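full-length UniProt numbering numbers the first residue of the sequence shown as 1 and each following residue consecutively.
A virtual CB, placed ideally from N, CA and C, is assigned to each residue, including glycine.
Small disclaimer: the values here were computed from a predicted structure and weren't measured.
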Amino acid sequence: DEALCKGCGACVSSCIRGAIKMKGFSDAQILAMIDAT
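Here it is, written out as structure tokens:
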């Protein structure tokens, strides 16, 4: 749900099928943000 999105990228990394993409960020950038938390 885009209205609830906080931009953390957790949904992207947890999507088994890879169906979710974050606009404006590469996969490597998203994984780095998740690893930093």
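For I34, the enclosing alpha helix (DSSP H) has its first and last residue at D27 to D35. For K21, there are no CB contacts under 6 Å within the same chain when 5 residues up- and downstream are skipped.
When secondary structure is reduced to three states using DSSP, A10 falls in the helix class. Here DSSP, grouped into helix, strand and coil, assigns A19 to coil. When C-alpha distances from A32 are compared across C5, G9 and A3, the shortest belongs to G9.
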